[in-house]
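K.L.:
Sharing a structure below in structure tokens format, with a few things to ask.
Chains as they are written, first to last, in the numbering used here: chain A, 1 to 235; chain B, 1 to 235.
And the structure:
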């Protein structure tokens with residue numbers, strides 16, 4: 001009933017190339033937005049907007065894109081399973097750390113500009129996402145890497161690891177989309193043109209991010225045999 | 001490796017009860033918001049806000065909740081496959097029609113209030129979602145109902161019908177979440193308290209909607225044997 005396993009492998013590899021192209025476009029767009037339109041990036045500045053600018057850059061390139069690469073690394077790289085497992089967990093760890101720094105920059109910007117924290121849906125869901133992501137990473141590390149659960153525990157855990165990981169990643173994408181809309185709404189209420197260059201750039205960045213995330217989720221969902229170099233299993 | 005098929009059936013039925021409870025809560029919250037906090041619903045009124053209020057009610061109860069019920073009806077109802085197929089396509093048709101009316105109310109509100117149309121990410125993705133939803137419905141109707149494709153075409157189409165339908169539904173949920181954030185951001189910039197009752201109500205409505213949608217997607221993804229009353233197949 002489902003497409004054949006070999007067709008699945010070809011589709012997964014092809015779509016993972018498409019994901020790379022979308023990642024490059026998304027990363028370029030968020031840098032053009034923050035640097036060209038919003039004045040650049042800074043950790044310390046009297047222009048507090050430059051501190052905020054770190055937030056979308058770290059969340060999109062650091063959290064969403066590196067997290068997505070971590071998810072598809074199993075299907076996209078022709079390496080041994082043990083190597084890919086290390087790549088998977090290291091990329092997710094880097095994504096988690098850059099995501100946490102990215103969230104910190106939003107608080108830093110708010111605090112230094114006298115803006116309230118944690119009142120918006122974007123912030124609420126975002127805090128939920130990073131917490132679930134950390135829990136997922138710790139559980140995965142303990143069960144699948146070190147010290148590692150029993151074979152039966154791994155077998156039971158794997159489909160839930162995939163399901164829960166996919167859920168958290170989709171929620172991360174939704175949160176990023178909320179963030180683009182929220183920031184652009186603030187900018188438009190302070191005079192940025194609703195149909196202008198910058199508004200279109202931000203909305204297209206959000207749409208490219210959704211397409212990238214969709215490619216990631218579909219690649220991860222395509223069945224590939226566990227014994228294949230491109231597959232994965234619980235052991 | 002995956003949980004057993006019988007465990008899947010029980011989980012699917014249990015989770016579909018949870019979805020019903022979340023649907024009732026979500027519907028109640030959006031009515032409390034629009035009627036109690038925002039003054040009520042009206043098709044024609046000099047208070048244009050009452051026209052807008054139809055939009056979240058129709059999109060959440062009509063589009064998201066009825067669409068979700070359409071998706072899980074296969075797994076949630078112990079009826080014959082042919083009956084469930086009719087329920088599935090009729091509920092989706094009603095959801096599509098109420099969704100289209102709901103989108104019309106947003107344009108009507110904008111036009112009668114002198115507000116620009118189609119500049120926000122919410123509106124862009126929303127137009128995309130309703131278009132994809134309509135395409136998905138028409139393709140499903142032709143292939144699986146009338147006149148119906150060949151057995152091999154149905155077999156090839158079914159996994160893509162499920163995958164594409166899930167994608168569109170998740171995108172619909174993301175769009176609803178964007179809508180709650182956008183409206184609340186406008187309200188807060190016109191004086192609604194950022195940590196007040198109404199702000200919390202709107203954000204909780206959005207979170208309940210996400211939980212409902214998650215339950216729907218998980219129920220639809222749980223494997224149940226095709227020959228079981230709760231399963232579905234291409235024929």
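Note that beta-carbon positions come from the ideal geometry of N, C-alpha and C, so glycine has one too.
What did DSSP end up calling residue 41/B once you bin it into helix, strand or coil?
P.N.:
coil
K.L.:
Answer with yes or no whether the minimum CB distance from residue 203/A to chain B is below 7 Å.
P.N.:
yes
K.L.:
Kindly indicate which three-state DSSP category residue 91/A falls into: helix, strand or coil?
P.N.:
helix
K.L.:
With distances taken between CB atoms, is the gap from residue 177/B to residue 221/B smaller than 7 Å?
P.N.:
no
K.L.:
Note down, in chain order, each residue of its chain lying with its Cβ closer than 8 Å to the Cβ of residue 42/A, except the 5 sequence neighbours on either side.
P.N.:
50, 51, 53, 54
K.L.:
If residue 181/B sits next to residue 32/B, beta carbons under 8 Å apart, how far is it from one beta carbon to the other, in whole angstroms?
P.N.:
About 19 Å separates the CB atoms of residue 181/B and residue 32/B; that is not less than 8 Å, and the two are not in contact.
K.L.:
If we ignore side chains and look at the alpha-carbon of each, how far apart do residue 84/A and residue 78/A end up?
P.N.:
9 Å
K.L.:
Does residue 194/B come within less than 7 Å of chain A when only Cβ atoms are used?
P.N.:
yes
K.L.:
Name the residue from 223/A, 71/A, 47/A, 107/A whose alpha carbon lies nearest to the alpha carbon of residue 86/A.
P.N.:
71/A
K.L.:
So, helix, strand or coil for residue 120/B, using DSSP?
P.N.:
coil
K.L.:
Using a beta-carbon distance below 7 Å, is residue 2/B in contact with chain A?
P.N.:
Low confidence applies here, because residue 2/B scores a pLDDT of 45, under 50, leaving its location unreliable and the question unanswered by this model.
K.L.:
At a Cβ threshold of 7 Å, is residue 174/B touching chain A?
P.N.:
Judged by the 7 Å Cβ criterion, residue 174/B is in contact with chain A.
K.L.:
Would you check if there are 3 or more beta carbon pairs closer than 8 Å linking the region 22-31 of chain A to the region 55-65 of chain A?
P.N.:
yes
K.L.:
Go ahead and pull the three-state DSSP assignment for residue 195/B.
P.N.:
coil
K.L.:
Kindly list, in the order they appear in chain B, the residues whose Cβ is closer than 7 Å to that of residue 124/A.
P.N.:
203
K.L.:
Please classify residue 103/A: is it buried, with 16 or more other beta-carbons within 10 angstroms of its beta-carbon, or exposed?
P.N.:
buried
K.L.:
Report all residues from its chain with a CB closer than 6 Å to the CB of residue 67/B; omit the five preceding and five following residues, and keep chain order.
P.N.:
Cβ neighbours of residue 67/B beyond the five flanking positions: 95.
K.L.:
Can you grab the Cα-Cα spacing for the pair residue 126/B / residue 38/A, in whole Å?
P.N.:
27 Å
K.L.:
Would residue 212/B count as contacting chain A if we go by Cβ distances under 7 Å?
P.N.:
With a threshold of 7 Å between beta carbons, residue 212/B makes no contact with chain A.
K.L.:
Alpha carbon to alpha carbon, how far is residue 214/B from residue 224/B?
P.N.:
When the Cα atoms are used, residue 214/B and residue 224/B turn out to be separated by approximately 18 Å.
K.L.:
Anything in chain A within Cβ reach of residue 206/B, meaning under 7 Å, just list it in chain order.
P.N.:
Ordered by position in chain A, the residues that pass the 7 Å Cβ test against residue 206/B are 121.
K.L.:
Quick one: which chain A residues come within Cβ less than 7 Å of residue 178/B?
P.N.:
177, 178, 181
K.L.:
If the cut is a Cβ gap below 7 Å, which residues of chain B does residue 185/A touch?
P.N.:
The answer, in chain order, is 182, 185.
K.L.:
Check distances from the C-beta atoms of the region 147-169 of chain B to those of chain A and list, in chain order, the residues that come in under 9 Å.
P.N.:
155, 156, 158, 159, 160, 163, 167
K.L.:
Measure from the alpha carbon of residue 64/B to the alpha carbon of each residue in 10/B, 124/B, 20/B, then state which is nearest.
P.N.:
Across the set 10/B, 124/B, 20/B, the C-alpha of 20/B shows the shortest separation from the C-alpha of residue 64/B.
K.L.:
Given that a residue counts as buried once 16 or more other Cβ atoms are within 10 Å of its Cβ, and exposed if not, what is residue 90/B?
P.N.:
exposed
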